[in-house]
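With my numbering, the residue at position 100 of the sequence shown is 619, and numbering never jumps. Beta carbons: idealized from backbone N, C-alpha and C, even for Gly. The structure displayed is predicted, hence computed values, not measured ones.
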Amino acid sequence: MIDEVDAFLDEIGFDPETSVLTRRQAQVLALRRQGVSQAEIASELGTSRANVSSIEGSARDNLEKARETVAFAEALRAPVQVRIPEGTDLYEVPQEIYDACDEAGVKVGHSAPELMKMISDAAGGAVTGRQVVADVVIGVTSDGIVRVRRPESDAESD
C-alpha cells in the first residue's frame, strides 16, 4: 500500500523539499483520499491511529496555511485594492470595484450579482444580508481574478 502511494506521489511530482507537506503527511492524505481508514493506515505504517490522525490534521493545517499564503501573495500583486468599510450596503460594492478597475485598466468578468455573491460567500461573517458588518478588502488581479480578504484584526473577532 505504501509503495503504491509513494509511486503515485512520485508520478504527480511531489517533492517534500519544496512542499509544505512532509512525505508522511502526503502519504496519509493520498491514502485517505483513496478511502483508506486511519486504522488501516496506522497498521500499514506500524503506528497508532491517533498518530495517523495527528499527521492528517497537521497536513490539512499546513495546506490551509499554504492556501492563505497564496491568497495573500495574490493580494499583494493585485493592481486593484478596494477597502469596503463596515456599514457599506453590499449593493454599492460592485460599482466601487468596477470604478477602481476602470481606473487601473483591469477588466472584471463578473456581473454585479455575481460579485455580490462572491463577496458575501468569501467574506464569511463580515457580510450579513446586504450589510457589510466588518471591513473587507477586495483585490482584483490584472487577470480579473477577484479575491476577498479581511483585515486580520477584524477576522479574529468572528
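For residue 664, no alpha helix (DSSP H) run applies, since DSSP gives it neither H nor E. Assigned with DSSP and collapsed to three states, residue 544 falls in helix. Remark: fewer than three beta-carbon pairs, one from each stretch, lie closer than 8 Å, so the segment 568-575 and the segment 596-616 are not flagged as touching. Note that the C-beta distance between residue 659 and residue 665 is below 8 Å. When the beta-carbon positions are compared, residue 549 and residue 582 stay at least 8 Å from each other. A distance below 8 Å between beta-carbons, with the five flanking residues on each side excluded, links residue 584 to the following residues of its chain, in chain order: 539. When the alpha-carbon of residue 639 is set against those of 553, 630, 662, 667, the nearest one is in 667.
Beta-bridge partners assigned by DSSP to residue 657: 601, 667.
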